[in-house]
Amino acid sequence: MTVVYDFTVKKTNGEQQELSEFAGKSLVIVNTASKCGFTPQFKELQALYGKYKEQGFEILGFPCDQFNNQEFDNINETMQFCQMNYGVSFPLFAKIDVKGESADPLFKHLVSEKKGLLTEGIKWNFTKFLIDKNGKVVARYAPQTSPEKIENDLKLVLQ
């Protein structure tokens with residue numbers, strides 16, 4: 001059975017990173033955008049990260065420009081924007097596609113494991129996936145779902 005830890009993703013510097021480096025940790029994987037109405041969720045995501053990082057929790061952010069071009073062209077601008085405006089310290093990766101034929105294999109896996117209410121694919125920025133310590137996708141949250149609202153589910157997968 002394929003799990004999240006079987007995938008490799010591209011870091012902002014172009015190097016590959018195996019997600020197996022996060023094995024044994026609970027994760028939230030989220031497609032992000034810097035110029036979206038949901039962008040203020042970075043603040044809540046960072047708060048969750050600060051609160052639970054020491055308990056084996058990571059957030060993996062994947063900037064995406066597929067929804068109304070709401071991401072900077074340059075990944076360095078994205079990183080600077082997120083750090084300066086929201087204090088983001090969790091890992092952000094290279095900009096990717098999360099839907100369609102060009103979708104990153106990780107996101108193809110995520111949506112195949114947890115379908116959305118109206119569609120299998122990603123509908124918008126800030127779709128969030130909760131991953132347990134074994135790398136299994138246990139929940140999917142709509143873009144409008146506040147990161148604060150996933151805290152109780154997060155506590156369960158951290159046990």
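Position one of the sequence shown corresponds to residue 1 (the working numbering), numbered consecutively onward. Quick reminder that beta carbons are idealized off the backbone N, C-alpha and C, glycines included.
- Bounds of the beta strand (DSSP E) holding S26 are 26 to 32.
- F72 sits close to F81, with the two beta carbons spaced by under 8 Å.
- The way I'd put it, the stretch 6 to 24 doesn't touch the stretch 43 to 53; fewer than three beta-carbon pairs between them come closer than 8 Å.
- Under the 10 Å beta carbon count, N68 is surrounded by fewer than 16 other beta carbons and is classified as exposed.
- With respect to the 8 Å criterion, I59 and V28 are classified as neighbours on the basis of their beta carbons.
- Per DSSP, T8 is one residue of the beta strand (DSSP E) stretching across 8 to 10.
- Here I122 really is in contact with V98; their C-beta atoms are around 5 Å apart, less than 8 Å.
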